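Residue numbers (the numbering used here): 763 to 1048. By construction, the Cβ of each residue, glycine as well, lies at the ideal position given by its N, Cα and C atoms. These numbers were taken from a predicted model, which means no experiment stands behind them. Below: the structure, in structure tokens.
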């Protein structure tokens, strides 16, 4: 039995997979801003789900850059008081099982590769445009290796801030995210009604997608996050239209797909990750 978790900057989700194939009903709660309170809350809710039964392993994503050993936050912007604390070790002690930790966007991407829009793709690029912007490269159904993880949201698309003078910076996250959109227009992103604004966001998003395709060379691109799958949303067909003009170096562009797993992508990715990591460690021990 696997314990699956998705620790977000505002919400945390946990669930069980009792058979290793399906994700059970999720439990969702506000992520405590204090590290100790967060660990205690996860342990409390996990105990309710398991009823004291033994867990084989726990796995999931966490919202923010992780250490090279994937055991703690190093610079989580939305959970600053969790930074540098031994997250994986504390969760393992609380759950009585090994814990496998990854960046949340990478875990959602893994979920889409195994259970969603990216199934069957040899190389899949996942990009989420939501409160922030994140993503990952999935190769052969596994999160690709990296030194520090993937941060496509911090690529610079407006080097001198002439593209968007109202944006905080020229980074993608400060240009196309829901937070950036709210900052520009003074209302929540979903309250923006001007179609020209959404067309502009589609153009800028296409630039981000284009750059990431050039670096990662995927077979399939899966786009997710509230700014893509919400209502209203950045129209994916307009991103694709702009991409047709921008992406000219390759003979054909990768398929562009909308994410399918919605809010539970992180839990499905956690299931795939738990199985991969547990199987690998079992082989090493043998």
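Asked, Found
"Which residue or residues does DSSP assign as beta-bridge partners of residue 887?", "899 and 983"
"Give a yes or no on contact between the region 990-1010 and the region 899-913, applying the rule of three or more CB pairs nearer than 8 Å.", "no"
"What number of angstroms, rounded off, separates the C-alpha of residue 782 from the C-alpha of residue 764?", "7 Å"
"Can you name the start and end residues of the beta strand (DSSP E) that residue 768 belongs to?", "764-769"
"In whole angstroms, give me the CA-to-CA distance for residue 863 and residue 855.", "14 Å"
"Can you tell me whether residue 981 is buried or exposed? The criterion is at least 16 other CB atoms within 10 Å of its CB, across all chains shown.", "exposed"
"Start and end of the alpha helix (DSSP H) containing residue 799?", "797-812"
"Can you check whether the CB of residue 934 is closer than 7 Å to the CB of residue 895?", "yes"
"Apply the 10 Å Cβ neighbour rule to residue 948 and answer buried if 16 or more other Cβ atoms are within range, or exposed otherwise.", "exposed"
"On the DSSP letters alone, give me the boundaries of the beta strand (DSSP E) that residue 865 sits inside.", "861-865"
"Determine whether the beta carbon atoms of residue 770 and residue 873 lie at a separation below 7 Å.", "no"
"Among all the DSSP beta bridges, which residues are the ones paired with residue 820?", "765 and 861"
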